[in-house]
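Residue numbers (the working numbering), protein chains in the order written: chain R, 5 to 232; chain Y, 5 to 232; chain A, 5 to 232; chain V, 5 to 232. All remarks here apply to the structure that follows.
There are 4 protein chains.
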Amino acid sequence: MNQHSPSVGRLAPVTARGQRSRLRLLRAAEYVFGQKGFEGASIAEICRRAGSALGSFYTYFPDKKAAYVELVDSLGSRLRSELATAVEGIDDRLDVERAGLRAFFDFAARHRQLYRIVRQAEFVDPPAFHRYYRKLAAAYSTGLAKAMDEGELRVLDPEIAAYSLMGMADFLGMRWVLWETGDLDHVVDGAMDFLTGGLSVPPAKPKLATAAKRTTKRITKASLHAHR
Amino acid sequence: MNQHSPSVGRLAPVTARGQRSRLRLLRAAEYVFGQKGFEGASIAEICRRAGSALGSFYTYFPDKKAAYVELVDSLGSRLRSELATAVEGIDDRLDVERAGLRAFFDFAARHRQLYRIVRQAEFVDPPAFHRYYRKLAAAYSTGLAKAMDEGELRVLDPEIAAYSLMGMADFLGMRWVLWETGDLDHVVDGAMDFLTGGLSVPPAKPKLATAAKRTTKRITKASLHAHR
Amino acid sequence: MNQHSPSVGRLAPVTARGQRSRLRLLRAAEYVFGQKGFEGASIAEICRRAGSALGSFYTYFPDKKAAYVELVDSLGSRLRSELATAVEGIDDRLDVERAGLRAFFDFAARHRQLYRIVRQAEFVDPPAFHRYYRKLAAAYSTGLAKAMDEGELRVLDPEIAAYSLMGMADFLGMRWVLWETGDLDHVVDGAMDFLTGGLSVPPAKPKLATAAKRTTKRITKASLHAHR
Amino acid sequence: MNQHSPSVGRLAPVTARGQRSRLRLLRAAEYVFGQKGFEGASIAEICRRAGSALGSFYTYFPDKKAAYVELVDSLGSRLRSELATAVEGIDDRLDVERAGLRAFFDFAARHRQLYRIVRQAEFVDPPAFHRYYRKLAAAYSTGLAKAMDEGELRVLDPEIAAYSLMGMADFLGMRWVLWETGDLDHVVDGAMDFLTGGLSVPPAKPKLATAAKRTTKRITKASLHAHR
DNA sequence: AATGAATGAGAGTTCATTCAT
DNA sequence: TATGAATGAACTCTCATTCAT
Chain R
5 MNQHSPSVGR LAPVTARGQR SRLRLLRAAE YVFGQKGFEG ASIAEICRRA GSALGSFYTY
65 FPDKKAAYVE LVDSLGSRLR SELATAVEGI DDRLDVERAG LRAFFDFAAR HRQLYRIVRQ
125 AEFVDPPAFH RYYRKLAAAY STGLAKAMDE GELRVLDPEI AAYSLMGMAD FLGMRWVLWE
185 TGDLDHVVDG AMDFLTGGLS VPPAKPKLAT AAKRTTKRIT KASLHAHR
Chain Y
5 MNQHSPSVGR LAPVTARGQR SRLRLLRAAE YVFGQKGFEG ASIAEICRRA GSALGSFYTY
65 FPDKKAAYVE LVDSLGSRLR SELATAVEGI DDRLDVERAG LRAFFDFAAR HRQLYRIVRQ
125 AEFVDPPAFH RYYRKLAAAY STGLAKAMDE GELRVLDPEI AAYSLMGMAD FLGMRWVLWE
185 TGDLDHVVDG AMDFLTGGLS VPPAKPKLAT AAKRTTKRIT KASLHAHR
Chain A
5 MNQHSPSVGR LAPVTARGQR SRLRLLRAAE YVFGQKGFEG ASIAEICRRA GSALGSFYTY
65 FPDKKAAYVE LVDSLGSRLR SELATAVEGI DDRLDVERAG LRAFFDFAAR HRQLYRIVRQ
125 AEFVDPPAFH RYYRKLAAAY STGLAKAMDE GELRVLDPEI AAYSLMGMAD FLGMRWVLWE
185 TGDLDHVVDG AMDFLTGGLS VPPAKPKLAT AAKRTTKRIT KASLHAHR
Chain V
5 MNQHSPSVGR LAPVTARGQR SRLRLLRAAE YVFGQKGFEG ASIAEICRRA GSALGSFYTY
65 FPDKKAAYVE LVDSLGSRLR SELATAVEGI DDRLDVERAG LRAFFDFAAR HRQLYRIVRQ
125 AEFVDPPAFH RYYRKLAAAY STGLAKAMDE GELRVLDPEI AAYSLMGMAD FLGMRWVLWE
185 TGDLDHVVDG AMDFLTGGLS VPPAKPKLAT AAKRTTKRIT KASLHAHR
């Protein structure tokens, strides 16, 4: 175990000074873990960055993994909370989707460590990894199910829809937020276009379709060109 | 042809015995890397599993990373080839999507190490990681663009659509292949339902819509129940 | 008087509250040192057990070793005092031996940490270790010499006899008090039998010897059986 | 676990070079453990002394403790074997005792690390500690029981006698081999005197007793003087 | 006197890689 | 080619002790 427990030393600091130290360490850990991954990060570097002595890390965390797990949980709840705030008060469910997607991209842009930390969690602590996605999915599923019940969305299996939408957001963010910052408006529009109407051609007016086709074809070729 | 031809990144064995040793090592590596991750895996364990001596690893691979990168590339090309085979000769583009999704799930079920190896590639060798997804996306985008051109699919930005569909497949596979083996037919149906028609309620015949709604609503509730 | 008077090796508390804290720490130290050994014990655990803060230890002891040494000395003097009390007023010297042996076993049973603390003292502070045994041996030798002088015991080198008797008591206690609680009366009887008459067969009356032999032979075999 | 196992790396070396390395490490470990105790010894120092690299220790031992336990077992069997050799062919049982005692003192003198290593084993690995004494005691008890059966020794509980004799030897060795090298002949004589005839005064010829008394009294006083 | 945060030297252990055979 | 011993840098974690409050 750790050297501490109830009376002597705790992991939750009691003094204000302790609070500050712990926070500094956690922030440094978020940065370093995001930069180097779990294995690549060293406690020494985290402490150096936090301006603490090596041993101080263990005043606040039982071990390296615990700090990592705390970060995963924290990123998850920060993300969920930002998403909730972003869609608050929006009535139209498709607008909710748009705002949510946008908010996710913003979050990812402000927390570029998100992907690396969450994805590597699978190797560090599978439960934390599952927790992250399951909590997101649960909230998402519930929202979708409600909207379907109320006739605002087409009726689908909400959990399948939730994982589909999460996967979309995840991959689009990886591609256009992480790898190559692009015109996010365009990405959001494109994604909304897809998730709103799906792939299949509506049994519709041929003239309109042709016009649209020409337009997007150009985009298509440019995109393909750009990436080998 | 590309930067990953046989002679680059690997030390090609000349004798048949060497061929066999190399393959045994690679198979062992795939297993161990999939089980323990890149950092967690040790060359010693790989050699033990392959029945080779510790030093022999370096007869065939310059270092640990090289073997890992080769695996990522190999998984990528095996997957692309299986997908291509699976959809070969299918005319209807939506049937192509269905068959592709199914083939991906099958592949993931047979290569449960896929997710762990590919995802961790980001930390081991970012180029290999990008290559994996970019090659998949390029092929996918091209196919979608063609189908859109030919009027088989609604016209969308094909790269956005490709990443969206890849994200869907990835997350659905993670959820229903990796985490919890479920009724894959149901998942494929649900995913096709979503990706075909999207979320928005069609401005359609009220009677049909109502009927469908009631039917699927029951499914919905069951699903929610089943997964917390 | 000697080099271990109250004010040396300890920081004497002045207030009553201080007295209590010091004692609590010492008791906790005795427990933890006995449980984990000198190196295995941590100041943190001692403080936790004592209900004190980590820093408080150093209010009363200059360092870890000082507390340990104080315990060794204290165990030594407590033991010597109990032994002295136990044999007080006993006239027959062999009865003194019996009572002393018994008292030692009782002490060891009540202070199971005794062996571990004293034996490890050799590594922590050799002088304290020697002091412990030399003081015991000195008192013992004196007593034996006196009894020999007075014709109550056979005349032997008293120091050799003292160390022999201490070794006997030590090992018998280790075996039948520490390791496996047995029938102590039987052990005391057996030990007295040995230390009274020694190993050699007296040039005695054949009939009695034969009878005794048969009787004890049975005990013998049972004992051997019982302990592998 | 260790990085090694069946095919890749073993703890038992297969090459002659490996044999030599292992032996060098074990000898160095015996020296350093004996000098500094288990906790005080560092693998680094052992390797330095053995002329090996730090990591090589772990080629042959899974951890520090394993090497220690191996030493305890090895000391135990070396001692038992020397004792067995020393008494081989001796008919008179009391002569066996004398030769055994002497052999033990010799062994202790040549392996001054014996006491420190064995005694600290209690904290490092209790089973090894028990094994050491129990094996000695078992052999000893058997020998004593046989001699008692055959009428060569007075009949006593052989296990009690064995532990008594082991304790005597242990303490006498500690006092006159380890602490202060003395006249071992005198110690052996004195010990034999005690263990042969015990403490009690035989109901014998007064004249002889008086003579003996005077002789030993002088020794007594000298001894007492010498040690405070 | 008491608290608990801070310190940092030092430990055991792992393991990718090299090398002699 | 194959083997397995050898290497040593690097890591996580512990804990006695000090110090500011």
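Even glycine gets a Cβ: it sits at the ideal position worked out from N, Cα and C.
- request: Identify every run of the beta strand (DSSP E) within the segment 38-106 of chain R, keeping only runs that are complete inside it and at least 3 residues long; order them along the chain.
  value: none
message: Just to confirm the assignment, what range does the alpha helix (DSSP H) spanning Glu126 (chain R) have?
response: What you label residue 126 (chain R) is simply residue 122 of the first sequence in a count that begins at 1. Looking at the DSSP string, the run of the alpha helix (DSSP H) that includes Glu126 (chain R) is Gln117 to Val128.
query: Among Y:Glu101, Y:Thr200, Y:Glu43 and Y:Ala112, which residue has its Cα nearest to the Cα of Glu184 (chain Y)?
result: Walking along the second sequence from the start, residue 184 (chain Y) turns up at place 180. Measuring from the Cα of Glu184 (chain Y), the nearest candidate turns out to be Y:Ala112.
Below-8 Å beta-carbon distance, Gln23 (chain Y) vs any chain R residue: The residue labelled residue 23 (chain Y) in the question sits at position 19 within the second sequence. Chain R contact via Cβ: absent.
message: Between which two residues does the alpha helix (DSSP H) holding Glu163 (chain A) run?
response: Here residue 163 (chain A) corresponds to residue number 159 of the third sequence, with the count starting at 1. Taken as a continuous stretch (DSSP letters only), the alpha helix (DSSP H) holding Glu163 (chain A) covers Pro162 to Gly177.
Best match in V:Arg158, V:Val76 and V:Glu101 for proximity to Leu87 (chain V) [C-alpha to C-alpha]: One-based indexing of the fourth sequence puts residue 87 (chain V) at position 83. Among V:Arg158, V:Val76 and V:Glu101, the Cα nearest to that of Leu87 (chain V) is on V:Glu101.
task: Out of R:Leu98, R:Glu126, R:Ala125 and R:Pro131, state which residue places its alpha-carbon closest to the alpha-carbon of Leu169 (chain R).
output: What you label residue 169 (chain R) is simply residue 165 of the first sequence in a count that begins at 1. When only C-alpha atoms are compared, the closest one is R:Leu98.
message: Between the segment 79-93 of chain R and the segment 115-134 of chain R, can you find at least three pairs of beta-carbon atoms closer than 8 Å?
response: yes
field: DSSP-derived helix/strand/coil call for Ser204 (chain V)
entry: As a working note, residue 204 (chain V) is residue 200 in the fourth sequence. If DSSP states are grouped into helix, strand and coil, Ser204 (chain V) belongs with the strands.
- prompt: Taking the C-alpha atoms as reference points, what is the distance between Phe37 (chain Y) and Arg21 (chain V)?
  reply: By 1-based counting over the second sequence, the position of residue 37 (chain Y) is 33. By 1-based counting over the fourth sequence, the position of residue 21 (chain V) is 17. For Phe37 (chain Y) and Arg21 (chain V), the distance between alpha carbons rounds to 33 Å.
message: My output table needs one value for Leu188 (chain A): the three-state DSSP class, helix, strand or coil.
response: On the third sequence, residue 188 (chain A) is found 184 positions in, with the first residue counted as 1. Looking at Leu188 (chain A) - three-state DSSP - the assignment turns out to be helix.
Gly194 (chain Y) at chain R interface by Cβ criterion, 8 Å: As a position in the second sequence, residue 194 (chain Y) is number 190, starting the count at 1. At least one chain R Cβ lies under 8 Å of Gly194 (chain Y).
message: So Ala165 (chain A) contacts chain V; which residues on that side make the cut at Cβ distance below 8 Å?
response: As a first step, residue 165 (chain A) must be located in the third sequence, where it is residue number 161. Gly194, Phe198 and Leu203, listed in chain order.
- request: Give a yes or no on whether the C-beta atoms belonging to Gln39 (chain A) and Gln124 (chain V) are separated by under 8 Å.
  value: Position 35 of the third sequence, counted from the first residue, corresponds to residue 39 (chain A). Position 120 of the fourth sequence, counted from the first residue, corresponds to residue 124 (chain V). Going by C-beta atoms, Gln39 (chain A) is not nearer than 8 Å to Gln124 (chain V).
message: Given this structure, state the Cα-to-Cα distance separating Val73 (chain R) from Pro207 (chain R), to the nearest angstrom.
response: Taking the first sequence and counting its residues from 1, one reaches residue 73 (chain R) at position 69. Taking the first sequence and counting its residues from 1, one reaches residue 207 (chain R) at position 203. Rounded to the nearest angstrom, the two C-alpha atoms are 50 Å apart.
field: Proximal residues of chain A, C-beta to C-beta of Asp174 (chain V) below 9 Å
entry: On the fourth sequence, residue 174 (chain V) is found 170 positions in, with the first residue counted as 1. By Cβ distance, chain A contributes Gly171, Asp174 and Phe175.
- prompt: Going by beta carbon distance, what residues of the same chain come within less than 6 Å of Trp180 (chain R), once the five residues before and after it are set aside?
  reply: Walking along the first sequence from the start, residue 180 (chain R) turns up at place 176. The residues are Gly186 and Val191.
- prompt: Could you give the distance in angstroms between the alpha-carbon of Ile121 (chain A) and the alpha-carbon of Lys139 (chain V)?
  reply: Along the third sequence, one-based indexing puts residue 121 (chain A) at 117. Along the fourth sequence, one-based indexing puts residue 139 (chain V) at 135. So the two alpha carbons sit approximately 24 Å from each other.
query: Skipping 5 residues on each side, what residues in its chain have a beta carbon closer than 6 Å to that of Phe133 (chain V)?
result: Within the fourth sequence, residue 133 (chain V) is the residue found at index 129, counting from 1. Cβ within range, chain order: Ala125 and Glu126.
query: Going along chain A in order, which residues have a C-beta closer than 9 Å to the C-beta of Leu188 (chain V)?
result: In the fourth sequence, counting from the first residue as 1, residue 188 (chain V) sits at position 184. Residues of chain A passing the Cβ test: none, with the nearest at roughly 11 Å.
task: Mind the definition here: the segment 160-179 of chain A touches the segment 161-178 of chain V only if three or more C-beta pairs lie below 8 Å; say whether that holds.
output: yes
query: Do Ser46 (chain V) and Gly201 (chain A) have their C-beta atoms closer together than 8 Å?
result: In the fourth sequence, counting from the first residue as 1, residue 46 (chain V) sits at position 42. In the third sequence, counting from the first residue as 1, residue 201 (chain A) sits at position 197. Cβ atoms of Ser46 (chain V) and Gly201 (chain A): not closer than 8 Å.
query: Helix, strand or coil: which one does DSSP assign to Ala16 (chain R)?
result: In the first sequence, the residue the question calls residue 16 (chain R) occupies position 12. Residue state, collapsed to three classes: coil.
- prompt: Comparing the C-beta of Asp161 (chain R) with each C-beta of chain Y, is any distance below 8 Å?
  reply: For this step, residue 161 (chain R) is matched to residue 157 along the first sequence. Yes, Asp161 (chain R) counts as interfacial toward chain Y.
task: Check the Cβ of Glu43 (chain V) against every Cβ in chain A and list those closer than 9 Å, keeping chain order.
output: What you label residue 43 (chain V) is simply residue 39 of the fourth sequence in a count that begins at 1. Gly41, Phe42, Glu43, Gly44 and Phe127, listed in chain order.
- prompt: Hey, would you say Ala54 (chain A) sits closer than 8 Å to Leu29 (chain A), going by beta carbons?
  reply: On the third sequence, position 50 is the one that residue 54 (chain A) refers to. On the third sequence, position 25 is the one that residue 29 (chain A) refers to. Cβ distance < 8 Å, so Ala54 (chain A) and Leu29 (chain A) count as in contact.
- prompt: Along the segment 95-107 of chain V, what residues have a CB closer than 9 Å to any CB found in chain A?
  reply: Arg97, Leu98 and Glu101
query: Who are the neighbours of Val91 (chain Y) on chain R, taking C-beta pairs under 7 Å?
result: By one-based count along the second sequence, residue 91 (chain Y) stands at place 87. What Val91 (chain Y) touches in chain R: nothing, since even the nearest Cβ is about 15 Å away.
query: Would a check of beta-carbon distances place His134 (chain V) closer than 8 Å to chain A?
result: Here residue 134 (chain V) is taken as the residue at index 130 of the fourth sequence, counted from 1. Yes, because at least one Cβ of chain A sits closer than 8 Å to the Cβ of His134 (chain V).
message: Quick check: what's the CA-CA separation for Phe65 (chain A) versus Cys51 (chain A)?
response: Position 61 of the third sequence, counting from 1, holds the residue named residue 65 (chain A). Position 47 of the third sequence, counting from 1, holds the residue named residue 51 (chain A). Spanning the two alpha carbons is a distance of roughly 12 Å.
query: Who pairs with Leu157 (chain A) in a beta bridge, going by DSSP?
result: Within the third sequence, residue 157 (chain A) is the residue found at index 153, counting from 1. Answer by DSSP bridge pairing, in chain order: V:Ser204.
query: Does the beta-carbon of Asp197 (chain V) have 16 or more other beta-carbons within 10 angstroms, so that it is buried, or is it exposed?
result: If you number the fourth sequence from 1, residue 197 (chain V) lands on position 193. By the neighbour-count rule (16 or more Cβ atoms within 10 Å), Asp197 (chain V) is buried.
message: Between His8 (chain Y) and chain R, is the shortest Cβ-Cβ distance under 8 Å, so that the two count as touching?
response: What you label residue 8 (chain Y) is simply residue 4 of the second sequence in a count that begins at 1. Note that His8 (chain Y) has pLDDT 45, beneath the 50 cutoff, so the model's placement of it is unreliable and the number below is only indicative. No, His8 (chain Y) does not count as interfacial toward chain R.
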